[in-house]
Amino acid sequence: REEEAASRAAARAEKRATYIARWVALGSEAEAAAAAAGAPPPLRSADLPWPCGEMAELTPDVVAMHVLDDEAAEGGPGRRRALQAELRRWHPDKFVARWGARLCPAEREAILARVTAVSQCLTQLMAG
């Protein structure tokens, strides 16, 4: 039983680390393009650090696995703060304000639908 819990914790930590690293890389790319006064390349769905693999996998539990550390996942004191930070990142209006100009036009509608779904999962996690 302890092994199973340790395995789950390790999987959560790995998923979270990958998720955070992808956001850091995306932000660094945007800053580098701005510093070089060049236009960054359009963002495709595959470029975004989604908190799940495919849209069909998108559930509050899967989102929580990527965006919450162990303490926050268990209802610790940082849970609300962590979810609020993610809601600021994934709220459709805020997402469009930050990334909208860079979205690949051919994928824009699908990306925004998925952003909305992530935001809804986060809202459900806040309520629960």
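For any residue, its number in my numbering is found by taking its place in the sequence shown, counting from 1, and adding 6. C-beta: ideal position from N, C-alpha, C; glycine also. All of these numbers come straight from a predicted model, not from anything done at the bench.
Of the listed residues the options, nearest to residue i (C-alpha basis)
{"i": "Cys-127", "options": "Thr-65, Trp-105, Ala-88", "result": "Thr-65"}
{"i": "Gly-84", "options": "Phe-101, Met-132, Val-30", "result": "Met-132"}
{"i": "Pro-48", "options": "Ala-11, Glu-10, Arg-108, Ala-38", "result": "Arg-108"}
{"i": "Gln-90", "options": "Val-102, Cys-58, Gln-130", "result": "Gln-130"}
One or two residues paired with residue i in a DSSP bridge
{"i": "Leu-109", "result": "Leu-49"}
Beta-carbon separation (whole angstroms), residue i vs residue j, contact threshold 8 Å
{"i": "Ser-34", "j": "Ala-116", "result": "25 Å between Cβ atoms; not a contact."}
{"i": "Leu-93", "j": "Ser-125", "result": "7 Å"}
Any chain C beta carbon closer than 8 Å to residue i
{"i": "Thr-65", "result": "The displayed structure is made up of one protein chain only, and chain C is not part of it."}
Contact check, residue i vs residue j, beta carbons under 8 Å
{"i": "Pro-98", "j": "Val-69", "result": "no"}
{"i": "Met-71", "j": "Arg-28", "result": "no"}
{"i": "Ala-38", "j": "Ala-45", "result": "no"}
{"i": "Ala-12", "j": "Asp-76", "result": "no"}
{"i": "Ala-123", "j": "Met-61", "result": "yes"}
{"i": "Asp-78", "j": "Ala-88", "result": "The identity of residue 78 in the sequence shown is Ala, whereas the question assumes Asp. Closer than 8 Å, so yes."}
Item to check | Residue ranges of each alpha helix (DSSP H) within the region 56-132, 4 or longer | outcome: Correct list: 66-73, 76-79, 85-96, 98-105.
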